[in-house]
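All remarks here apply to the structure that follows.
Residue numbers (the working numbering): 2 to 139.
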């Protein structure tokens, strides 16, 4: 038992801290989201989200990847409704070894109008890679 107590701090401290490769992975996932959106591919866009995502916006709060996906599909039923999405990443801030906050802006250019706003995303490192755990979009 004393050996386990001794090894626990050693094992915990061996986890790699958040680094440049982590930030690059998150930025790449954001670029993949833009590309999927612009193709009209909502399921592809949702690939960056964790199953336990909670999405917060002025329209309300929704938790669960399936429900968030259904909300997007209902709100953007055609490629014309989806338009061209552009993200502006302001910063990526580590929040421990396995979490990071990303803040930025978004613009959705459509034939009829242009919508824009801001977001803050809490990312979590999971077995399959970085995923969005919380999405605050306004």
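We treat Cβ as the ideally placed atom computed from N, Cα and C, and that holds for glycine.
Nearest candidate by alpha-carbon position, reference residue i, set the options
| i | options | result |
| --- | --- | --- |
| residue 72 | 99, 43 and 31 | 43 |
| residue 121 | 88, 20, 79 and 136 | 136 |
| residue 89 | 32, 24 and 46 | 32 |
| residue 123 | 20, 134, 139 and 106 | 134 |
Burial state of residue i, where buried means 16 or more other Cβ atoms lie within 10 Å
| i | result |
| --- | --- |
| residue 9 | Confidence in residue 9 is poor, its pLDDT being 43 and thus under 50, which makes the residue's placement too unreliable to answer from. |
| residue 81 | exposed |
| residue 34 | buried |
| residue 129 | exposed |
| residue 13 | Residue confidence is low: residue 13 scores 45 on pLDDT, short of 50, so the model does not pin down where it sits. Its coordinate-derived value is still stated next. Burial call: exposed. |
| residue 7 | Residue confidence is low: residue 7 scores 45 on pLDDT, short of 50, so the model does not pin down where it sits. No coordinate-derived value is stated. |
| residue 50 | buried |
| residue 5 | Residue placement at residue 5 cannot be trusted, given a pLDDT of 48 that sits under 50; the coordinates are not used to answer. |
| residue 69 | buried |
Host beta strand (DSSP E) of residue i (start-end)
| i | result |
| --- | --- |
| residue 136 | 130–138 |
| task | Mind listing, in chain order, the continuous alpha helix (DSSP H) runs of no fewer than 4 residues lying wholly within the stretch 11–41? | result | 21–39
| message | Taking contact to mean 3 or more Cβ pairs, one atom from each stretch, closer than 8 angstroms, check whether the stretch 59–77 and the stretch 90–108 are in contact. | response | no
| task | Pick out the complete beta strand (DSSP E) segments inside the stretch 34–106, 3 residues or longer, and give them in chain order. | result | 50–58, 61–64 and 85–95
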